[in-house]
Amino acid sequence: MSAAARPAPVTVAVTGGAGQIAYGLLFRIASGAMLGPDTPIRLRLLEIPAAVASLEGVAMELEDGAFPLLESVDISDDPWEGFDGANIALLVGARPRTAGMERSDLLAANGPIFTDQGAAINASAADDVKVLVVGNPANTNAYIAMSNAPDVPAERFTAMTRLDHNRAIAQLAKKTGAAAAAIERVAIWGNHSATQYPDLTHATVGGRPALEVVDHDWVRDDFLPTVQQRGTAIIQARGASSAASAASAAIDHIHDWVLGSTGDWVSMAVPSDGSYGVPEGLISSFPVTCAHGGYTVVPDLRIDEFSRARIDASVAELAAERDAVVDLGFAKPA
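If you want it as structure tokens, here you go:
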């Protein structure tokens with residue numbers, strides 16, 4: 001491609017830049033996997049002060065990759081500097097959950113982080129910024145950031161349930177012997193937590209309804225708990241969290257949001273517009289389609305009684321998390 005025809009560079013800010021998820025993410029961004037083979041990338045990597053030396057090593061490796069699309073790599077421990085001009089912000093870094101820590105403790109620990117990052121995005125990011133929160137509890141961390149960025153359209157703040165979506169596809173493919181590419185219209189509803197509802201009601205396998213291929217007992221007794229507890233199973237198996245698959249899901253999320261989902265459904269946690277009984281403003285996962293740099297919640301789906309109960313349970317957890325961070329002063333009511 002000639003220099004004249006080359007697209008304008010995209011500035012991508014990534015927090016937690018020295019962490020394991022970022023290590024699986026950054027080199028794929030630089031290679032063009034996220035934004036396509038022709039889009040130049042400017043990376044802005046953020047870390048806490050104690051991890052900046054490690055981040056410098058990551059930046060050195062990125063330089064050594066000599067990626068044709070990678071125009072620059074800047075590092076910082078200042079969110080206002082790190083998000084300056086960002087077109088895409090990947091909020092990967094978060095306070096991890098440690099032994100004995102309740103979910104409420106995790107919300108309290110992450111509140112100040114995402115309050116500051118939301119304010120910095122509001123002040124410094126590009127007008128067209130798109131935000132993906134990966135750091136857990138992702139939905140509510142995204143809600144905090146959104147609440148502290150009043151000048152950024154709310155729909156620009158999303159949280160990642162694409163890993164859950166991909167896990168659901170993988171389990172259905174494994175059960176049926178189909179290729180992952182043959183599976184469509186999977187949906188994840190609710191929170192990125194063990195209450196999430198992976199929904200096969202509308203899914204197809206090679207064009208055939210999934211629920212004609214697998215039985216309800218397998219869905220209830222095997223599929224749902226396997227997807228819901230997959231992160232825990234991976235930690236037990238490898239002694240560390242699912243960093244590489246999370247990085248891959250983040251690539252998928254942004255790729256489809258920016259470049260389109262080619263007609264299939266994907267799952268994104270987005271601010272609710274009140275669809276499907278989810279309170280307006282709550283950041284909940286829905287099935288969406290992506291086109292022209294935006295997303296649309298799939299409308300008018302039939303929700304059966306089995307699904308309704310599980311969606312409502314996950315949404316109730318999200319509402320409780322929202323209320324907790326509002327009470328702690330990190331966010332405003334929806």
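With the UniProt record's numbering applied, the sequence shown covers 1 to 334. Every residue gets a Cβ at the ideal spot worked out from N, C-alpha and C, and that includes glycine.
By DSSP's assignment, Thr289 forms a beta bridge with Thr296. Val227 has its alpha-carbon roughly 9 Å from the corresponding atom of Gln196. Between Ile235 and Leu25, the C-beta spacing is not below 9 Å. In the DSSP assignment, Glu61 falls outside any beta strand (DSSP E) and lies within the alpha helix (DSSP H) extending over 52-64.
Per DSSP, the continuous alpha helix (DSSP H) segment holding Asp252 begins and ends at 243-259. Nearest to Val288 by alpha-carbon distance, out of Thr161, Glu102, Ala244, is Thr161.
Under DSSP, Glu184 shares a beta bridge with Thr204.
Beta-carbon to beta-carbon, Val92 and Val134 are separated by about 5 Å, close enough to satisfy the 8 Å threshold.
Residue pairing by DSSP places Met268 opposite Phe286 in a beta bridge. Pairing Ser314 with Ser284 gives a Cβ-Cβ distance under 9 Å.
Scanning the segment 10-37 for uninterrupted alpha helix (DSSP H) segments of 4 residues or longer gives 20-31, listed from N- to C-terminal end.
Beta-bridge annotation (DSSP): Ala89 is paired with Ala13, Val131.
Leu45 is positioned such that its CB atom lies closer than 9 Å to that of Gly17.
In this structure, Gly100 lies away from Phe67, with their beta-carbon atoms at least 9 Å apart. Segment contact: the segment 171-188 against the segment 199-213, three or more CB-CB distances shorter than 8 Å; contact assigned. Rounded to the nearest whole angstrom, the CA to CA distance from Ile188 to Pro198 is 5 Å. The distance from the Cβ of Ala86 to that of Val129 is about 6 Å, consistent with a contact at the 8 Å cut-off. DSSP, reduced to helix, strand and coil, places Arg44 within a strand of the structure shown.
Contact annotation, His165 with Ser267: C-beta distance approximately 4 Å; criterion of less than 8 Å satisfied. For Phe157, the enclosing beta strand (DSSP E) begins and ends at 157-159. Taking 9 Å as the cut-off, the beta carbon of Val298 is found closer than this to the beta carbon of Phe286. In this structure, the alpha-carbon of Ala53 lies about 22 Å from that of Thr11. Contact between the segment 207-223 and the segment 95-115 is absent: fewer than 3 CB-CB pairs across the two stretches fall below 8 Å. Inter-residue distance for Arg42 and Leu62 is about 11 Å (C-alpha atoms, whole angstroms). Counting along the chain, Val73 sits inside the beta strand (DSSP E) bounded by residues 70-76. Closest option to Pro7, judged by alpha-carbon separation, among Met60, Glu71, Ala50, Arg28: Glu71. A residue is called buried once 16 or more other Cβ atoms fall within 10 Å of its Cβ, and Thr262, having fewer, is exposed. Asp199 sits in a strand when the DSSP states are folded into three classes.
In the structure shown, Pro209 adopts extended strand secondary structure according to DSSP, grouped into three states. In its chain, beyond the 5 residues on either side, Ala179, Ala180, Ile183 have a beta carbon closer than 7 Å to the beta carbon of Ala173.
Annotation for Pro150: Asn122 place their beta carbon closer than 7 Å to its own, counting only its chain and skipping 5 residues before and after.
The three-state reading of DSSP puts Gly190 in strand, counting E and B together.
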